[in-house]
Amino acid sequence: DEVHDLICIGFGPANLAIAAALHDTIASDKDIEPPKVLFLEKQSEFAWHSGMMLPGSRMQIPFIKDIAAPRNPQSQFTFANYLHKKGRLIDFSNLGTLYPLRLEFADYLKWCASFFDETVRYNSRVLSVKPAEHGPDSPAISTFEVVVEQSTGNIVKLRGKNIVVGLGGQPSIPSSLSFHHPKIIHSSQFIHQAPSLLSHLRAPRVAVIGGGQSAAEILDFVQSSFSQSRTYLITQGEFLKPSDDSPFVNEIFNPEFIDDFFYRSQNDRQSLLNKVHSTNYSVVNLDLIERIYHRMYEQKIVLGSDDSQWPHKFLNNCKVVTAEGNGTKGPLTLHLHHLGSRYPAKMALEVDIIIAATGYRRTAHHDMLADLEPLLEMEDKGSGLKPVVNRNYQVKFLAGKVEPRSGVWLQGCCEETHGISDTLLSVVASRSEKVLRSIFP
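Going by the numbering used here, the letters in the sequence shown line up with residues 51 to 491, in that order.
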């Protein structure tokens, strides 16, 4: 019968920022009665992109855009304070960079998460959010029921007045690679699964599918770590494109730009998203592009211009048709359709492992909130009916269906309405403040 004031689903950076902001607010005003808050996380412990912790990989955004500093630079949860507490602040400054190692930033996030162990339930996978009960004098819903599956398989039901959904992305593998095989691995699991498979092969043959940062990082790692490897970078695009991180363009990631974006028409929003696509999707850091190109070029010097002799190939304009394998221990055959004239239209590659660096979906909240749909305002944004979300990230319910002091908020799945920064770390600090102010005015 316990009712929580706030239940946050997921405990990645978005909801970790909520925890930090709420902690700072309570610490700054001793007269505030702390709300009853619970965080639910399906993983067994805090982990952030653990499958992509490649040696030497760096953040793509400056450390100033951590989970707290843009909201309050004096917060104890800033990256700078983390460095101070770890005794590395001056040493880090000697590096002369704003971009920490991804490994260090992950440790920073885990350090922040450790402050909230008492309010986080790990091994808790949320199955659904349902309307729970009406207010005593109103037909409107005052609480929501959160159905949770624990690691033991037990199902528990929790109640909360307010729900914040911050699930992050779910690995997306194209249907052409839906053939289940232990050697077909999404990039999110690369470090967990691929190195052990590769280390048992004298000359591993690796196909990396994708044209973005993850694909390029994995390709570079395999080529540099396994000297006898043969690699194929397979993309539908014509070439690897550098990310645009120039100063004026980067202003689209500023928190105040969200207002500009949100209040535009749907057509204007989509037009702008198309224009800034190269800041975040299917693009690669220029230094990494140049390193890969240099390695490819070196093949021409040593082995000549006949690319059939090259151990590393860039197969552009290629669409994956299917993959097949005979058993789990033998090689895989990857069937491709080449759209250009450089190679035959139909190609078949025999490889030992396939890495799908094919991005993420952000749709899990639809199934999770399905029981609430009859109560929601819905609109068609060109990709099917979706819940209407206001500027404060709150889902809009039909008039009279939900009590004014109860509601549901979405984090990290509102790109169509809140801009390209919505899925990124850049705005988690400022967004957490806006969400909390709308929950606890």
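Built from N, CA and C at the ideal position, the CB exists for glycine as well.
Check: Cβ neighbours of Gln-278 in the same chain (closer than 7 Å, five flanking residues each side left out); Outcome: Arg-252 and Ala-253
Check: Nearest-angstrom beta carbon gap, Val-256 and Ser-281 [assumed within contact, 8 Å]; Outcome: For the sequence presented, residue 281 should be read as Thr rather than Ser. Their Cβ separation, rounded to whole angstroms, is 5 Å, which keeps Thr-281 and Val-256 in contact under 8 Å.
Check: Beta bridge counterpart(s) of Val-458 as assigned by DSSP; Outcome: Ile-213
Check: Of the listed residues Pro-381, His-468 and Thr-193, nearest to Val-452 (C-alpha basis); Outcome: Thr-193
Check: Beta-carbon gap between Ser-226 and Val-401 smaller than 7 Å; Outcome: no
Check: Residue nearest to Leu-248 in terms of C-alpha spacing, selected from Ser-237, Gln-444 and Lys-233; Outcome: Lys-233
Check: Assigned exposure category for Asp-310 - 16 Cβ within 10 Å defines buried; Outcome: exposed
Check: Separation of Pro-221 from Arg-412, as counted between CA atoms; Outcome: 9 Å
Check: Member of Gly-219, Phe-312, Ala-266 and Thr-75 whose CA lies at the smallest distance from the CA of Ser-293; Outcome: Ala-266
Check: DSSP-derived helix/strand/coil call for Ala-364; Outcome: Here residue 364 turns out to be Phe, not Ala, going by the sequence shown. Strand, per DSSP.
Check: Span of the alpha helix (DSSP H) around Ile-308; Outcome: 307-312
Check: Pick from Leu-159, Arg-392, His-230 and Ser-471 that is closest to Leu-382, judged by C-alpha positions; Outcome: His-230
Check: Start-to-end residues for the beta strand (DSSP E) that takes in Lys-436; Outcome: 435-437
Check: Outcome for Met-418 when other beta-carbon atoms lying within 10 angstroms are tallied against a minimum of 16; Outcome: buried
Check: Cβ neighbour criterion (16 or more within 10 Å) applied to Ser-355; Outcome: exposed
Check: 8 Å contact criterion, which Lys-211 and Asp-55 should meet: CB distance rounded; Outcome: 6 Å
Check: At least three beta-carbon pairs within less than 8 Å, the stretch 113-126 to the stretch 64-76; Outcome: yes
Check: Start and end residues, beta strand (DSSP E) containing Gln-316; Outcome: Looking at the DSSP string, Gln-316 is not in any beta strand (DSSP E); the run it does join, the alpha helix (DSSP H), is 316-325.
Check: Pair within 7 Å by beta-carbon distance, Glu-199 and Ile-205; Outcome: yes
Check: Alpha-carbon to alpha-carbon, Pro-297 and Asn-330; Outcome: 15 Å
Check: Residues near Ser-471 by beta carbon distance below 6 Å, same chain, minus five either side; Outcome: Phe-303 and Val-477
Check: Proximity below 7 Å, CB of Phe-113 to CB of Pro-63; Outcome: no
Check: C-alpha gap between Phe-276 and Asp-270, whole angstroms; Outcome: 10 Å
Check: Alpha carbon of Ala-215 to alpha carbon of Ile-339, nearest angstrom; Outcome: Reading the sequence as shown, one finds Val at residue 215 and not Ala. Their Cα atoms are separated by approximately 36 Å.
Check: C-alpha distance - Glu-288 paired with Tyr-443, whole-angstrom precision; Outcome: 37 Å
Check: Beta strand (DSSP E) runs contained entirely in the stretch 369-395, provided each spans 3 or more residues; Outcome: 382-388
Check: Selected residue, minimal CA-CA separation from Ile-111, among Trp-459, Gly-409, Asn-335 and Arg-345; Outcome: Asn-335
Check: Short Cβ contact (7 Å threshold) for Phe-96 with Lys-160; Outcome: yes
Check: Phe-155 vs Leu-283 beta-carbon contact at 7 Å; Outcome: no
Check: Euclidean distance between Cα positions of Arg-487 and Val-196; Outcome: 23 Å
Check: Proximal residues to Lys-446 (C-beta, below 8 Å), its chain only, five neighbours per side dropped; Outcome: Leu-426, Glu-427, Pro-437, Val-438, Val-439 and Asn-440
Check: Straight-line Cα distance separating Leu-177 from Ala-420; Outcome: 10 Å
Check: Local Cβ density within 10 Å of Tyr-49, reported as buried at 16 or more and exposed below that; Outcome: The structure shown has nothing for residue 49, since the chain only spans 51 to 491.
Check: Simplified DSSP state of Lys-160, which is helix, strand or coil; Outcome: helix
Check: Buried or exposed (CB count within 10 angstroms, at least 16 for buried), Tyr-347; Outcome: exposed
Check: Exposed unless 16 or more other CB atoms sit within 10 angstroms - verdict on Val-458; Outcome: buried
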